[in-house]
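Chemist:
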Amino acid sequence: MAKVAANELEDRKIRVNVVSPGPTLTQGLQNAVPNEALTYLAEKTALQRLATPDEIGKVVEFLASDQSSFIKGTEIVVDGGLLNYTMR
Numbered sequence: 001m002a003k004v005a006a007n008e009l010e011d012r013k014i015r016v017n018v019v020s021p022g023p024t025l026t027q028g029l030q031n032a033v034p035n036e037a038l039t040y041l042a043e044k045t046a047l048q049r050l051a052t053p054d055e056i057g058k059v060v061e062f063l064a065s066d067q068s069s070f071i072k073g074t075e076i077v078v079d080g081g082l083l084n085y086t087m088r
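Going by the UniProt record's numbering, the letters in the sequence shown line up with residues 1 to 88, in that order.
This is how it looks when you write it as structure tokens:
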């Protein structure tokens, strides 16, 4: 989807990328989910913890900056190794 959108907006000089965050320790999540479930979820990541909103924000900030000027139509997964770790 990101590649299609990026190609469609190319003429307007608009780059499209996707950030796919994994489990992130937000206030809303802490209010909605019991601590035991948060611990269980954290243990399912290779890094053994949940992301902070700031960590996700830094990836978004990078993609919005000139430092990522050659990145187009891609997905960046920010999940602490959740997908790879749980597949073992």
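The beta-carbon is built from N, C-alpha and C at its ideal position, and this holds for glycine as well.
V4 lies in the alpha helix (DSSP H); which residues open and close that run?
Modeler: A2 to E8 is the extent of the alpha helix (DSSP H) around V4.
Chemist: Can you have a look at R15 and say buried or exposed, based on whether 16 or more other CB atoms are within 10 angstroms of its CB?
Modeler: Burial call: buried.
Chemist: Whose C-beta lies closer than 8 Å to the C-beta of N7 among residues of the same chain, with five residues either side of it excluded?
Modeler: G73.
Chemist: Look up T24 in the DSSP assignment and say whether it is helix, strand or coil.
Modeler: Reduced to three states, the DSSP call for T24 is strand.
Chemist: Assuming G81 contacts T39 under a Cβ cut-off of 8 Å, what Cβ separation, rounded to an integer in Å, is found between them?
Modeler: So it is not a contact: roughly 17 Å between Cβ atoms.
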